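Residue numbers (my numbering), protein chains in the order written: chain A, 21 to 319; chain B, 391 to 668.
Even for Gly, the Cβ is constructed at its ideal location relative to N, Cα and C.
Model, not experiment: these values are computed from the prediction.
Some notes on the structure that comes next.
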Amino acid sequence: MPAPPAIRLRGVVKRYGEITAVDKLDLEVPPGTCVGLLGPNGAGKSTTMRLLTAQAIADEGTIEVLGYELPRESKQARAECGVVPQLDNLDTTLTVEQNLLVFSHLYRVPRRDRPAAIERALQLAKLTDRRDTVVEELSGGMRRRLLIARGLVHQPRLVLLDEPTVGLDPQVRQELWALIDRLRSEGISILMSTHYIEEAERLADTVTIMSHGSVVAVGKPTDLVAEHAGGEVLEVYGPPARLAEIETEAAVAGRRTRRTGTSVTLIGDHSSNGSELDGVRRPGNLEDVFVLLTGEEIA
Amino acid sequence: MTGAAVTHESTGTPPARPPTRKLHRFERSAIGGVLVREMINFSSYWRSTTFSSTVEPTIYLLAFGFGLGSLVSSVGNGISYEEFVGTGMVAMAVLFASAMPSMFGTFVKYSFQHTYDAILAAPVDTEELVTAEALWMAMRASVFGCAPLLVAMAFGLDPSWGMLAVPAINFTAGFGWSCFGISIAAFVRSIDNFGYITSAVITPLFLVAGTFWPIDQLPEWGQILAQLNPLYHCVELVRHAAFGWEGWSDVGNFAALVAFGLVGWRVAIHGMTRKLVN
């Protein structure tokens with residue numbers, strides 16, 4: 021009998037008044053894999069995360085987490101899953117160690133295992149020498165590492181990471197990627213929402229692209245790029261008027277384009293139509309896929 | 391189905407998770423965890439709280455007991471005005487040690503610090519969270535509520551055996567008041583609205599509480615309102631604990647506090663669930 025998926029959502033709908041935040045969402049996280057939930061702000065990623073801890077209750081559809089049916093068995097599911105929220109909600113007046121201690125209680129780590137659990141979490145977050153530092157005095161990167169360690173103090177089988185590196189320096193972001201990659205290599209199932217394309221490309225086994233509350237594409241990052249953006253794209257720079265011209269020409273030629281700030285990116289095979297466009301060729305990426313599929317810029 | 395589908399090779403020791411036991415609706419360890427959090431936090435600010443909860447009753451006692459008390463010799467039954475105010479202020483101290491911090495604390499924790507979001511992502515339900523917070527506030531109120539009594543003793547109030555019941559009375563009233571505070575926090579939209587609650591609800595409670603003047607001097611409507619005022623029942627109980635129990639009337643007073651606590655508890659849970667799970 022195969023292990024059940026770490027997460028399975030079927031036809032999940034969540035409305036807030038007039039707004040449908042999540043619209044007939046299907047999502048699956050196979051055990052031991054990292055699934056990236058990619059989408060711009062407002063795509064429904066955070067609502068999906070809240071649904072998985074029963075802090076939001078779905079209007080329609082079924083949700084299973086680690087084989088438990090939500091919201092009925094959510095408490096059991098939460099006991100076996102770690103949550104790293106987007107918003108830093110650490111106790112700022114407590115020390116690093118005290119924050120971990122509180123959550124070792126909340127996560128039911130048995131008394132005799134608590135010291136070891138806290139020690140392990142400190143090591144994981146590389147905060148062992150900061151154990152007595154009050155959270156207020158930590159840097160942004162350290163706080164985020166502690167936030168992750170807090171969600172791992174009970175050795176969960178599944179980790180929910182909601183925008184784990186939002187608002188951090190590139191260097192700090194890479195540190196966190198290494199940490200997340202380590203969890204992945206330990207066989208922990210991960211659902212990670214992000215609006216950083218690179219993050220999804222590096223860490224996720226499969227990516228689910230969300231827009232307006234539902235899924236627009238699912239697949240391995242490389243497959244999605246190959247399928248939707250082709251091998252290479254052409255980025256053409258120029259003044260706004262020129263860029264508009266290129267877009268019109270491309271539309272006539274039946275080619276797909278997207279605006280990337282100061283340039284126009286032409287997707288697909290550009291050797292065939294004899295275009296004389298001068299530009300930079302670069303490999304297609306998930307961002308191209310995303311913009312093509314949703315018509316939205318992501319960053 | 392063991393070890394199925396681990397797609398990544400293990401680099402470290404695989405997590406040796408203890409088997410998860412079946413969780414119940416009310417878990418002692420969930421409530422304990424929330425209490426541990428409050429206790430650790432309290433260790434960082436207990437000095438200021440203890441200072442204000444002892445200095446305030448002292449000042450009130452000086453002002454009312456010795457200021458006003460020079461005009462009022464006795465309130466009957468051989469009780470001096472200082473003794474009357476000293477015991478009456480216990481209920482007030484309980485109110486201020488539970489309703490106020492619950493109101494502000496709850497609002498800050500869910501709205502600004504998002505603490506409750508973090509706690510509810512762990513295996514803790516709103517019911518357990520609210521219960522734990524109210525229990526914690528009740529414990530605090532139980533202790534701090536004794537301060538006026540100790541101050542009054544320092545000024546000459548005779549100790550009595552009945553006073554040993556005061557912490558329990560304080561705890562019961564404190565639980566109700568903190569549920570009241572949590573409920574208010576769950577229903578107001580902005581922290582600025584607390585001003586309305588303190589001016590329009592809490593302050594008028596003192597008019598019909600018997601804290602600073604006996605209730606039987608009030609017109610009949612005032613005496614009826616007092617029966618609906620938890621503050622009054624707390625004042626009565628503490629005073630009777632100090633000067634002599636009054637049988638069934640005290641059973642009634644205590645029952646009123648228990649009812650206040652139970653109703654407040656359910657209302658607070660309902661309000662917070664609406665606020666936190668949506």
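In the DSSP output, which residue or residues are listed as bridge partners for residue i?
| i | result |
| --- | --- |
| A:K34 | A:V42 |
| A:G56 | A:M212 and A:V227 |
| A:L166 | For A:L166, which the question treats as bridged, DSSP gives no partner whatsoever. |
| A:R150 | According to DSSP, which records beta bridges pairwise, A:R150 is partnered with nothing at all. |
| B:S580 | Partner(s): none; B:S580 has no beta bridge. |
| A:L254 | A:L286 and A:R301 |
In this structure, does DSSP put residue i in helix, strand or coil?
| i | result |
| --- | --- |
| A:A237 | strand |
| A:I27 | strand |
| A:I83 | strand |
| A:E183 | coil |
| A:L172 | coil |
| A:E89 | strand |
| A:G299 | coil |
| B:L627 | helix |
| B:V462 | coil |
| A:E100 | coil |
| A:Y127 | coil |
| A:T113 | coil |
| B:S470 | strand |
| A:T280 | strand |
| A:L286 | strand |
| A:L47 | strand |
| A:L178 | strand |
| A:E206 | coil |
| B:V667 | coil |
| B:H660 | helix |
| B:D548 | coil |
| A:I77 | coil |
| A:K95 | helix |
| B:W436 | helix |
| B:K412 | coil |
| B:W635 | coil |
Under the rule that 16 or more other beta-carbon atoms within 10 Å means buried, what is residue i, buried or exposed?
| i | result |
| --- | --- |
| A:D182 | buried |
| B:N583 | exposed |
| B:W567 | buried |
| A:Y36 | exposed |
| A:R131 | exposed |
| A:G304 | buried |
| A:D308 | buried |
| B:W611 | exposed |
| A:Y109 | Note on residue identity: the sequence assigns Asn, not Tyr, to residue 109 of chain A. By the 10 Å Cβ count, A:N109 comes out buried. |
| A:N61 | exposed |
| A:S298 | Note on identity: in this sequence residue 298 of chain A is Asp, with Ser being the wrong assignment. Burial call: exposed. |
| B:H414 | exposed |
| A:A264 | exposed |
| B:Y586 | exposed |
| B:S372 | With chain B covering 391 to 668 only, the question about residue 372 of chain B has no answer from this structure. |
| B:S443 | buried |
| B:D548 | exposed |
| A:L119 | Note that residue 119 of chain A is Asn in the sequence shown here, rather than Leu. Burial call: buried. |
| A:Q4 | Here chain A covers residues 21 to 319 and nothing more, so residue 4 of chain A does not appear. |
Would you mind telling me which residues of chain C sit closer than 7 Å to residue i, beta carbon to beta carbon, in chain order?
| i | result |
| --- | --- |
| B:G535 | In the displayed structure, chain C is absent; the protein chains listed are A and B. |
I believe residue i touches residue j by the beta-carbon criterion, under 8 Å. Please report the beta-carbon distance rounded to the nearest angstrom.
| i | j | result |
| --- | --- | --- |
| B:V514 | B:A658 | Actually they do not touch by this definition, with Cβ atoms about 15 Å apart. |
| A:V284 | A:I266 | 5 Å |
| B:L595 | B:N619 | 6 Å |
| A:V311 | A:L286 | Not really, about 13 Å apart at Cβ, beyond 8 Å. |
| B:A631 | B:G564 | At roughly 15 Å, the Cβ-Cβ gap does not stay under 8 Å, so B:A631 and B:G564 are not in contact. |
| A:T226 | A:V55 | 5 Å |
| B:A489 | B:I592 | 7 Å |
| B:L525 | B:T516 | Actually they are not in contact, since the Cβ atoms of B:L525 and B:T516 sit about 15 Å apart, beyond 8 Å. |
Spell out a yes or no on whether the region 532–544 of chain B and the region 456–471 of chain B are touching, meaning 3 or more CB-CB pairs, one atom from each, closer than 8 Å.
Touching, no.
Contact the region 612–627 of chain B vs the region 475–483 of chain B: 3+ CB pairs below 8 Å:
Yes, the region 612–627 of chain B touches the region 475–483 of chain B.
Between the region 227–239 of chain A and the region 40–47 of chain A, can you find at least three pairs of beta-carbon atoms closer than 8 Å?
Yes, since at least three Cβ pairs between the region 40–47 of chain A and the region 227–239 of chain A fall closer than 8 Å, the two stretches touch.
Counting pairs of Cβ atoms below 8 Å between the region 632–648 of chain B and the region 490–500 of chain B, do you hit three or more?
Because the criterion of three Cβ pairs below 8 Å is not met, the region 632–648 of chain B and the region 490–500 of chain B do not touch.
Is there contact here, the region 78–97 of chain A with the region 270–280 of chain A, by at least three beta-carbon pairs under 8 Å?
In short, these stretches do not touch, since the Cβ pair count stays below three.
Count the C-beta pairs between the region 202–216 of chain A and the region 151–164 of chain A that are closer than 8 Å, then say yes if the count reaches three, no if not.
No contact exists between the region 202–216 of chain A and the region 151–164 of chain A.
Evaluate the contact criterion for the region 73–87 of chain A versus the region 22–34 of chain A: three or more CB pairs, one atom per stretch, below 8 Å.
Contact annotation: the region 73–87 of chain A touches the region 22–34 of chain A, with at least three C-beta pairs closer than 8 Å.
Touch test, the region 461–476 of chain B against the region 520–537 of chain B, Cβ-Cβ under 8 Å, three pairs minimum:
As far as the Cβ criterion goes, the region 461–476 of chain B does not touch the region 520–537 of chain B, which means the pair count is below three.
Any contact between the region 219–226 of chain A and the region 137–155 of chain A? By contact I mean 3 or more CB pairs, one from each, below 8 Å.
As far as the Cβ criterion goes, the region 219–226 of chain A does not touch the region 137–155 of chain A, which means the pair count is below three.
Quick check: the region 64–80 of chain A against the region 145–160 of chain A, are at least 3 beta-carbon pairs closer than 8 Å?
Too few Cβ pairs lie closer than 8 Å, so no.
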